[in-house]
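Participant:
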Amino acid sequence: MTIRAVVAGIGHYLPQNIVTNADLEKIVDTSDEWIKSRSGIERRHFVAKGETTSDLAAAAARAALLDANLSAGDIDAIVLATSTADLTFPSAATMVQAKIGMRQGFAFDVQAVCAGFIYALSTANALILSGQAKRVLVIGAESFSKLMDWQDRTTSVLFGDGAGALVLEAEETATGTNKDRGILATDLHSDGQFSDLLYVDGGTSTGTTGFLRMQGKEVFRHAVEKLAQTAHAALEKAGFGANDVDWIVPHQANLRIISATAQRMGVEMERVVVTVQDHGNTSAASIPLALSVGVARGQIKRGDLLVTEAIGGGLAWGAVVLRW
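Under this note's numbering, think of the first position of the sequence shown as -13, with each following residue one higher.
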């Protein structure tokens, strides 16, 4: 018998405050045409005053539990990917644990910026395969609007807030082949020599929260190359090629990056789940958001083969291959 980590339920949450490109024109030296031509983004959601990352994460977690027909008491662990936790500590994951009424198990955060959900999914998979947990809530949640420098039009128009969550559970399979449902392969990387390409200029070293800073052209160049490479590597580990994939579910950073990566992989855009136009770049939340929306749209169906990939500050990047 082989154990696989299988998706049992999925859900997401978006703050009620929708901010369009036209809204941003009133506070930033920008235009709807400029934003759409460079990113494909048309609108994004921002948290309300007093609304926190753990609030978003807890709402997404409840939706995933409902979809899985499970309660908080059925969960052994929470792995939450975020770069915008409510506080320096304790972790946002433990706050979610309290908010959903989970009184057992353990919870912790993973910080790999936009690649965070890939890292969290890989970590949850390892927990299940090692027997440390049978069911894991894997969450990506961000409030990036709180890190924006509204004098910097090149970054402030790109990001949004939101959360997505899924329940991974151990499932025994008699075959142990790549025809199984669940996570079939993971591929993780980082290279700290590129940390100055995308970072927040605050923290314990400055005593400030800081603002997001990005060298956009360099990030674009690294993103397309590394995302295609890691997706192919994960597919090869799982015994597949790009032609076998039903859906690519990429980190929703920028439509040009998504398109260029798909082209480099030799996959037509009709097989790519795209939500960036509605959410902007929600960092670690973007992949679970896209997965949840893809299921709700009727795109992603049980048995479909997916590859999901992301790159973020660090630089950190990776991919996961799973059968839905």
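Every residue gets a Cβ at the ideal spot worked out from N, C-alpha and C, and that includes glycine. Just so we're clear, the structure is a prediction, and the values are computed from it rather than from any experiment.
For H265, report the span of its alpha helix (DSSP H) as first-last.
Facilitator: Here the alpha helix (DSSP H) through H265 covers V262 to H265.
Participant: Between which residues of its own chain and M(-13) is the CB-CB distance below 6 Å, once the five residues before and five after are set aside?
Facilitator: Contacts found: E158.
Participant: With distances taken from CA atoms, which of C100, A67 and G202 is nearest A46?
Facilitator: The candidate whose alpha carbon is nearest that of A46 is A67.
Participant: Only counting the same chain, and skipping five residues up and downstream in sequence, which positions put a Cβ closer than 6 Å to that of A54?
Facilitator: Once the five neighbours on either side are set aside, the close Cβ partners of A54 are A(-6), G(-5) and V153.
Participant: Could you give the distance in angstroms between the alpha-carbon of F206 and the alpha-carbon of I243?
Facilitator: Going from the Cα of F206 to the Cα of I243 covers about 7 Å.
Participant: So, is W136 buried or exposed, given that buried needs 16 or more other C-beta atoms within 10 angstroms?
Facilitator: Per the 10 Å Cβ criterion, exposed.
Participant: Can you tell me whether R89 is buried or exposed? The criterion is at least 16 other CB atoms within 10 Å of its CB, across all chains shown.
Facilitator: Flag for R89 reads exposed.
Participant: Can you give me the C-alpha to C-alpha distance between D60 and G(-3), rounded to a whole angstrom?
Facilitator: Using only the alpha carbons, I get a separation of about 17 Å.
Participant: M134 lies in the alpha helix (DSSP H); which residues open and close that run?
Facilitator: Looking at the DSSP string, M134 is not in any alpha helix (DSSP H), and its letter there is neither H nor E.
Participant: Considering E157, what are the terminal residues of the beta strand (DSSP E) in which it resides?
Facilitator: Counting along the chain, the beta strand (DSSP E) containing E157 begins and ends at D147 to T159.
Participant: Once the 5 residues before and after K212 are set aside, which same chain residues still bring their CB inside 8 Å of it?
Facilitator: Around K212: H175, I297, L301 and W303.
Participant: Are the beta-carbon atoms of F92 and D72 separated by less than 9 Å?
Facilitator: No; because the gap between Cβ atoms is not below 9 Å, this pair is not in contact.
Participant: Among E11, A270 and D230, which has the Cα closest to the Cα of G148?
Facilitator: Of E11, A270 and D230, the residue nearest in Cα terms is A270.
Participant: Using 9 Å as the threshold, is the C-beta distance between R139 and D9 below it?
Facilitator: The answer is no: Cβ separation not under 9 Å.
Participant: Can you tell me where the beta strand (DSSP E) with H218 in it begins and where it stops?
Facilitator: Unbroken run through H218 is the alpha helix (DSSP H), G202 to A224; no beta strand (DSSP E).
Participant: Considering only residues of the same chain and omitting the five flanking positions on each side of R167, which have a CB-CB separation below 6 Å?
Facilitator: Within the same chain, R167 has close Cβ partners V(-8) and R309.
Participant: Considering just the uninterrupted stretch of the beta strand (DSSP E) at F94, what are its terminal residues?
Facilitator: Looking at the DSSP string, the run of the beta strand (DSSP E) that includes F94 is F92 to V96.
Participant: I need the boundaries of the beta strand (DSSP E) containing I64, first residue and last residue.
Facilitator: Run containing I64: A63 to A67, per the beta strand (DSSP E) assignment.
Participant: Let me make sure I understand the geometry here. Which of G36, Y105 and V5 has the alpha-carbon closest to that of V65?
Facilitator: Comparing Cα-Cα distances from V65 to each of G36, Y105 and V5, the minimum goes to Y105.
Participant: Check this for me: beta carbons of I234 and V293, under 9 Å apart or not?
Facilitator: Result yes, Cβ atoms of I234 and V293 sit closer than 9 Å.
Participant: Expressed to the nearest angstrom, what Euclidean distance is found between the alpha-carbon atoms of A44 and A276?
Facilitator: One C-alpha to the other measures close to 18 Å.
Participant: Rounded to a whole number of angstroms, what is the C-alpha to C-alpha distance between S108 and A305?
Facilitator: Whole-angstrom Cα-Cα distance: 9 Å.
Participant: Determine the direct distance from the alpha carbon of A156 to that of A(-11), and round the result to whole angstroms.
Facilitator: The residue asked about is misnamed: residue -11 is Ile in this sequence, not Ala. When rounded, the distance between both Cα atoms is 6 Å.
Participant: Less than 8 Å between the CB atoms is what I'm expecting for M81 and S25, so what's the real figure, rounded?
Facilitator: Not really, about 31 Å apart at Cβ, beyond 8 Å.
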